[in-house]
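Residue numbers (this note's numbering), protein chains in the order written: chain A, 1 to 538; chain B, 539 to 844. Even for Gly, the Cβ is constructed at its ideal location relative to N, Cα and C.
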Amino acid sequence: MKKKLIALVLALSVFATLLSACGIGTVKDPNGTESNIDYSNATQLSIATWDGGLGSKWLEDAARRFEILNQNTSFEDGKTGCHITIAASRSFDGSSMAFTPLTHDIYFVEAVDYYAMTNNDQMADLTGIMTKPLTAYGEDRTILDKIPEALQDFLCIDGKYYAIPFYESFYSFAYDLDLWNSKSFYFAKDGSFTNASGDLSEGPDGKAGTSDDGMPATYADFAVLVDHIKDEGVTPFICAANATDYIANFLYEYYANYEGAEQMALNFTFDGTATDLIEVSESGKVTELPAEQIEWDNGYELQRQAGRYYSLQFAHDILTPKDNYKMSDTHINAQKSYVRGGIVNDQPIAMILEGSWWENEAKACFKELNDGKYDRHNYAVMPKPHATEDKIGQTPCWLGASSSYGFIANNTAHMDLALAFMEFLHTDEELSHFTAEVNMTRPLDYPVTKEDSEKLTTYCKSILEIKETGDVIYPYTNREEVLDNPLQFASFAWAWTTSVDGYEYRNPWLYFSEVSDGSAEDYFSSQEVYFETRWDGF
Amino acid sequence: MKTPQPVGLNKKHRDKRDLIFYCALMILPLIQLCIFYFGVNFQTIMMAFQRFDVEDGYSWDLHSNINWFLNDQVRTAGFWAMVKNSFMIYLYTQLAGTVLAILFAYYIYKRHAGSLFFRFMLFLPSIIPAILLTVLYKKTVGLGVPAWLQYLFGKVVEDPFSPTADGNIRYTLITLFTVWTGFAAQTLIYSATMDRIDSSIIEAGKVDGASPWQEFRHIILPNILPAVSVFIITGIACFFTNDNNVFNFMSTSASPHDKTIGYLLYTLVVNGETGYCKSAFLGLICSIILIPVVTVVRKLLNREDD
């Protein structure tokens, strides 16, 4: 009897395995609608994604919607429908992909060396789907129409496009709206501090009645605010020891904000007139230099842009003093401390210095709070203060930096399906769903539907607002000299590499932290010399 | 009288099978040697005379590598700080490491109290992957110790591995880690070598009334000298490649005062293909400097051994 029972159990297990292998099952779309999809004869598609701040749920949801939409479509002879599997892992690191064979059909990964991968013929040509209007989805525009011009130029190789930009990120302070309100960290019109419903100052945009009201308008205001925050027993900001690059990127944002879109673009085009070059003496005396026509041959002159100097001062005066911040060992722990600060533990933190993905990355922290019956706080991107009063009212400028891309592996056996899915992912509706799911944006032009915008957090809404009210610069160029010298140009290297007293530094904050008598003047003045002496070698 | 023949295959067949077995055994290491030694080294030497650009790939251009080496490296204080650090790391690992390792190995060899435990502890760095060991050390010393100090004395102590911490303390702690991990390997080799010394020699020494120090000085030390020579020679050969584990601890945000030439070589490669040629050129220069030094030291040590 016992043997029969075991045999029965084994037989049932085999049957169940066979059923699942046949793929007969019920699939729920992300809205909960159930559909019966027969995967037994479906074309298989495998997608790999970096399992970082964005996670993979947005991709899982989109895949289910696509499968349901195409359950009766044939993507290859003798097969109907498709079955999309998502592999999410931190092993899918774009930086090493140029040296390894691609084993999945589609990739959505970060730190991609686009030119190295296209040189290796690893990416499939997407020009067809990128230049075809998305009429099948009721849209008139092409995918390319949605991509900013600077990115289009960067992606275009001999008239062809091989990847679509994935997510965009902005480095900034995120501030805790609820904490700021309860602690009265907002500037009032009379220069005192008040809560969110007080008589707020006009903020960096110089206009009353806008979302930046009550925010520090200048670096000097910011310094006052930091002192006030400390006086209230709150830690001004938190950052992470394993993510000091964030601080350099953050400063790059402040530098761009000073320069504005037009002047900042010179750093990527090397073509135009630089109007705010300066010289700084050892004592800090700033001398404005005459406007200068910039071309590649004298591109190093851009190292004299005033925005660099003022951002360095901000780093020196505000970001470096140790009582202004808490240093966590990892960015994940920094997020945890920030999210729990003032709610679970007793040390509230006013701001976190992070990339715009942080809220999504901190999902587990928010869940922990929720499980512990605590209400989470609301957050927003902090509008950037200006270096000087005369800059108040200038359109804010943000750097949409990211080297993340979506692309199809050139060796895929399911090219038709892969192309169809890529097309589907870049419809307005799917892009909107992406933003609703991960609370981040993609560097494409698309509207967020009303239904999706209701799902957004205050933080994501503030990201959408900075895109709407500010200029976004995409720090990309396909100049050969730049691509050939990543040590001096990649990421924030062009903004911050210098050699002070013979020692090379790439991160001003690390320099100020290490060299106790280091000054913004020394750092700034050495930058131009560093690049001028190396320029001919580039 | 005929020599009895083994039962089974005749000699011809046996030779053939032995040859196949020998080939099967040797083919993998030979392929590995060809690819990862000859292939890699040949390609690296070629790269020292090339430059890489994104559009055209690799092209012959020794001039740009020489320029980079002379102008961006040799003429900077940062480069000489790296050379100095490499030298200091060599001194610490060789002098402190070797002397302590020999004494410790002798302690274990003599089976004094706790010797088995120490042997086990010393094996740990060899069993645990280097990066895991680094993380353990970093968390224990960087977070655990400050937390205990805070708990015991109520004083907040900063994580010494934080980028904002005192650079000297950070450097010392990282160097101690390097010495410890290198020390373990040396101790184990020395104690194993001591174990192989003929016990009759030791006993003869004891009969002649040799004190433990005399035993160590006149019997043990001469017998382990070949192993010591190996470590001295490999230590010199690794002079420029030892990164003092700085990358494991600090990643790319190491202070210029913590870096070694080994760190520079490594980070140049980490930064992508454009760094390969520069790293290869620097590697070639280092080899040119070290080959005569290693040869002379080896000859001197061999003379000592003789």
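Where glutamate 389/A and valine 515/A are concerned, what is the direct C-alpha to C-alpha distance, given to the nearest angstrom? 30 Å
Please tell me whether, using a cut-off of 6 Å, the distance from the CB of serine 624/B to the nearest non-hydrogen atom of the ligand FMN is below it. Although the ligand FMN was asked about, the structure shown includes no ligands whatsoever.
By the 10 Å Cβ neighbour count, where 16 or more other Cβ atoms means buried, how is threonine 273/A classified, buried or exposed? exposed
Output the boundary residues of the beta strand (DSSP E) element that contains lysine 326/A. 325 to 328
Distance between serine 211/A and glutamate 202/A (C-alpha atoms, nearest Å): 9 Å
Can alanine 241/A and serine 789/B be called in contact, C-beta distance under 7 Å? no
The stretch 781 to 803 of chain B: which residues have C-beta closer than 7 Å to a C-beta of chain A, in chain order? Ser791, Ser793, Pro794
Short of 6 Å in beta carbon distance, which residues of its chain neighbour aspartate 781/B, apart from the five on each side in sequence? Order them along the chain. Thr798, Gly800, Tyr801, Tyr804, listed in sequence order.
According to DSSP, simplified to helix, strand and coil, what is asparagine 181/A? helix
State the DSSP-derived secondary structure class of glutamine 752/B, mapped to helix, strand or coil. helix
Secondary structure, beta strand (DSSP E): runs of 3+ residues fully inside the stretch 90 to 120 of chain A: 106 to 109
Pair within 7 Å by beta-carbon distance, isoleucine 238/A and alanine 116/A: no
Just checking: is the beta-carbon of serine 817/B within a distance shorter than 7 Å of some beta-carbon in chain A? Interface with chain A (7 Å Cβ-Cβ cutoff): serine 817/B is excluded.
Taking the alpha-carbon positions, what's the arginine 613/B to tyrosine 530/A distance? 13 Å
Contact set between serine 499/A and chain B, taken where Cβ atoms lie within less than 8 Å: Thr614, Gly616
Where does threonine 49/A sit, in a helix, a strand or coil, going by DSSP? strand
Cutoff 8 Å; reference isoleucine 566/A; Cβ partners in own chain excluding five residues on either side: With chain A covering 1 to 538 only, the question about residue 566/A has no answer from this structure.
In the DSSP assignment, the beta strand (DSSP E) including methionine 351/A goes from what residue to what residue? In this chain, the beta strand (DSSP E) harbouring methionine 351/A covers 349 to 355.
Touching or not, the stretch 98 to 111 of chain A and the stretch 128 to 144 of chain A, by the rule of three or more beta carbon pairs under 8 Å? No: fewer than three Cβ pairs fall under 8 Å.
Taking Cβ-Cβ distances below 9 Å as the criterion, which residues of the stretch 155 to 175 of chain A are in contact with chain B? Correct list: empty, as no residue qualifies.
Might you give, ordered along the chain, the residues of its own chain that have their beta carbon closer than 8 Å to the beta carbon of isoleucine 583/B, omitting 5 neighbours on each side? Ala818, Leu822
Work out the CA separation of phenylalanine 778/B and leucine 641/B for me, nearest whole Å. 27 Å
Tell me which residue opens and which closes the beta strand (DSSP E) that threonine 235/A is part of. 235 to 240
With distances taken Cα to Cα, identify the nearest neighbour of aspartate 445/A among Thr142/A, Ile147/A, Phe66/A, Gly55/A. Ile147/A
Does glutamate 593/B get closer than 7 Å to chain A when you measure Cβ to Cβ? yes
Would aspartate 105/A and leucine 54/A qualify as a contact pair, given that the criterion is a beta-carbon distance under 7 Å? no
Every unbroken beta strand (DSSP E) inside the stretch 459 to 499 of chain A [3 residues or more]: 471 to 473
Select from Ser525/A, Ala261/A, Thr427/A, Thr533/A the residue whose C-alpha is nearest the C-alpha of tyrosine 137/A. Thr427/A
When the cut-off is 7 Å and only beta carbons count, does glycine 393/A lie next to chain B? Answer no: the Cβ-Cβ gap between glycine 393/A and chain B never drops below 7 Å.
Does the beta carbon of glutamate 262/A come closer than 7 Å to any beta carbon on chain B? no
With DSSP as the reference, label alanine 174/A as helix, strand or coil. strand
Cβ neighbours of alanine 124/A in the same chain (closer than 6 Å, five flanking residues each side left out): Correct list, in chain order: Ile408, Asn410.
Measure the C-alpha to C-alpha separation of threonine 73/A and leucine 134/A and round it to an integer number of angstroms. Looking at the backbone, the Cα of threonine 73/A and that of leucine 134/A are separated by about 18 Å.
7 Å Cβ cutoff met for proline 443/A and proline 165/A: Taking 7 Å as the Cβ cut-off, proline 443/A and proline 165/A qualify as a contacting pair.
Candidates Leu151/A, Ile466/A, Pro475/A, Met215/A, of which the one nearest asparagine 195/A by Cα: Met215/A
By how many angstroms is the C-alpha of phenylalanine 492/A removed from the C-alpha of phenylalanine 268/A? 12 Å
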